[in-house]
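Enquirer: The structure that follows is given in the form of structure tokens.
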Amino acid sequence: MTPPDILQRIVDQKWREIEAREARVSMEEMAVRATKARAPRGFLSALRSKVAAGEPAVIAEIKKASPSRGVIREHFIPKDIARSYEKGGAACLSVLTDVTFFQGADDYLAEARDATSLPVLRKDFTVADYQVYEARALGADCILLIVGILDEERLRTLNRCAVSLGMDVLVEVHDAQELEVALAIGPALVGVNNRNLKTFETNLATTFELSGRIPSGALVVTESGIHTADDVRKMRQRGICSFLVGEAFMRAEDPGSQLRAMFYAQAGDTTS
2 MTPPDILQRI
12 VDQKWREIEA
22 REARVSMEEM
32 AVRATKARAP
42 RGFLSALRSK
52 VAAGEPAVIA
62 EIKKASPSRG
72 VIREHFIPKD
82 IARSYEKGGA
92 ACLSVLTDVT
102 FFQGADDYLA
112 EARDATSLPV
122 LRKDFTVADY
132 QVYEARALGA
142 DCILLIVGIL
152 DEERLRTLNR
162 CAVSLGMDVL
172 VEVHDAQELE
182 VALAIGPALV
192 GVNNRNLKTF
202 ETNLATTFEL
212 SGRIPSGALV
222 VTESGIHTAD
232 DVRKMRQRGI
242 CSFLVGEAFM
252 RAEDPGSQLR
262 AMFYAQAGDT
272 TS
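So, in structure tokens, the structure goes:
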């Protein structure tokens, strides 16, 4: 994630984008497009299937750049990256679609999804119903809802909208206070971001601390700070089997091979 001031700038920009996009395609038309999109592939079920098989459930991210790191991957062809991830054993894909701050694009999501059979998360800063319909119209199987930028009422509304369209929802939290808000809506999928929004540092202990407060019926996804096979081992030894990883893969020549090296080379030494 990003520092608070950048986060607020992103949210402000999102509202401007929504206004501009809705001027081009109305909410009503976008809702129609959403209902006509190809059926969702089952994001949560794909993760659960991996976990049930005793394998790591990896959401592999396709991300060209970030506000803090700049361009992460120069040679950026989403369909090739997606195929590499699928070959490497990913359960799902995550595609950054934010244009202004992450150099993403809606087309990247469609391109990645068309290239594989994997379910896809639209990784963006969702603050309005319009974006939920837009995500489904693009073919997204899951959306991200970041508790840090949403109050409980808005979180509940957006979650309900996504579920009504057949999508899954990854509800992201950074601390205990945000987790309390998230749990109020009964999420099936909770992402714990190990990055502290104030210090910008990552600490895997965040997942260890918060996961114990999450009901067993919800699947926990650890996010940020997973860079090595040892990080994976530590998580799996604590019963955390679902991961969202991007930068560690994006910097590798072959992202899928890096995924396999991190998550499968030592799979026999882990517990699930």
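Position in the sequence shown (from 1) plus 1 gives the number in our numbering. All C-beta atoms in this analysis are idealised placements derived from N, C-alpha and C, irrespective of residue type, glycine included.
What does the alpha-carbon distance come out to for the pair Thr-271 and Glu-18?
Expert: Confidence at Thr-271 is low in this model, with a pLDDT of 40, below 50, so the placement of that residue should be treated as unreliable; the coordinate-derived value is given next. Cα-Cα distance, rounded: 44 Å.
Enquirer: In or out: Met-2 buried (at least 16 other Cβ within 10 Å) or exposed?
Expert: Low per-residue confidence applies at Met-2: pLDDT is 45, beneath 50, and the placement is therefore not dependable, though the value from the model is reported in the following sentence. The residue in question, Met-2, is buried, as its Cβ has 16 or more Cβ neighbours within 10 Å.
Enquirer: To the nearest angstrom, report how far apart Asp-99 and Leu-146 are at their CA atoms.
Expert: Going by the C-alpha atoms only, they are around 14 Å apart.
Enquirer: In its own chain, which residues sit with a C-beta less than 7 Å from the C-beta of Ser-67, not counting the 5 before and 5 after it?
Expert: Same-chain partners within the cutoff: Ile-73 and Phe-103.
Enquirer: Buried or exposed: where does Val-133 fall if 16 or more other Cβ atoms within 10 Å of its Cβ makes it buried?
Expert: So Val-133 counts as buried.
Enquirer: Taking 7 Å as the cut-off, is the beta-carbon of Arg-161 closer than that to any non-hydrogen atom of the ligand NAP?
Expert: The ligand content of the structure shown is nil, which means the ligand NAP is not present either.
Enquirer: Note down, in chain order, each residue of its chain lying with its Cβ closer than 6 Å to the Cβ of Ala-116, except the 5 sequence neighbours on either side.
Expert: So the qualifying residues of the chain are Lys-80, Ala-83 and Arg-84.
Enquirer: Mind checking whether Ala-230 and Met-263 have CB atoms under 8 Å apart?
Expert: Result yes, Cβ atoms of Ala-230 and Met-263 sit closer than 8 Å.
Enquirer: By Cβ distance below 8 Å, which residues in the same chain neighbour Gly-155 in space, the five residues on each side in sequence not counted?
Expert: Contrary to the premise, residue 155 reads as Arg rather than Gly in this sequence. Hits under 8 Å: Val-128.
Enquirer: So, is Gln-178 buried or exposed, given that buried needs 16 or more other C-beta atoms within 10 angstroms?
Expert: Gln-178 should be labelled exposed.
Enquirer: Quick one, which of Arg-196, Arg-237 and Ala-138 has its alpha-carbon nearest Ala-40's?
Expert: It is Ala-138 whose Cα lies nearest to the Cα of Ala-40.
Enquirer: Taking only three categories from DSSP, how would you classify Thr-271?
Expert: Any reading at Thr-271 must be qualified, since the residue scores a pLDDT of 40, below 50, and its modelled position is unreliable; the value itself is stated next. The answer is coil: DSSP assigns Thr-271 none of H, G, I, E or B.
Enquirer: On the premise that Leu-260 lies in contact with Val-59, defined as a C-beta separation below 8 Å, what is that separation, rounded to the nearest angstrom?
Expert: Contact holds; Cβ gap of about 6 Å.
Enquirer: Suppose only complete runs of 3+ residues qualify. What are the beta strand (DSSP E) ranges in the region 150–225, listed by chain order?
Expert: Runs of the beta strand (DSSP E) inside the region 150–225: 169–174, 190–194 and 220–224.
Enquirer: Beta strand (DSSP E) containing Arg-123: first to last residue?
Expert: Note, Arg-123: beta strand (DSSP E), 121–124.
Enquirer: Answer yes or no: do Asn-194 and His-175 have a C-beta to C-beta separation smaller than 8 Å?
Expert: Yes.
Enquirer: Using only the alpha-carbon positions, how far apart do Ile-63 and Val-121 sit?
Expert: Taking the straight line joining both Cα atoms gives about 10 Å.
Enquirer: So Lys-124 and Val-96 are supposed to be a Cβ contact under 8 Å. How far apart are they, rounded?
Expert: Indeed, because the Cβ distance is near 6 Å, the residues count as touching under 8 Å.
Enquirer: With distance defined between alpha-carbon atoms, name the residue in Ala-21, Leu-8, Pro-256 and Ser-258 nearest to Tyr-131.
Expert: Checking every option, the nearest Cα to that of Tyr-131 belongs to Ala-21.
Enquirer: In its own chain, which residues sit with a C-beta less than 7 Å from the C-beta of Ala-35, not counting the 5 before and 5 after it?
Expert: Excluding positions up to five away in sequence, the list reads Tyr-134, Arg-137, Ala-138 and Leu-166.
Enquirer: With H, G and I counted as helix, E and B as strand and the rest as coil, what does DSSP make of Ala-230?
Expert: Note: Ala-230 maps to helix in three-state DSSP.
Enquirer: According to the neighbour-count rule (16 or more other Cβ atoms, all chains shown, within 10 Å of its Cβ), is Thr-223 buried or exposed?
Expert: Classification for Thr-223: buried.
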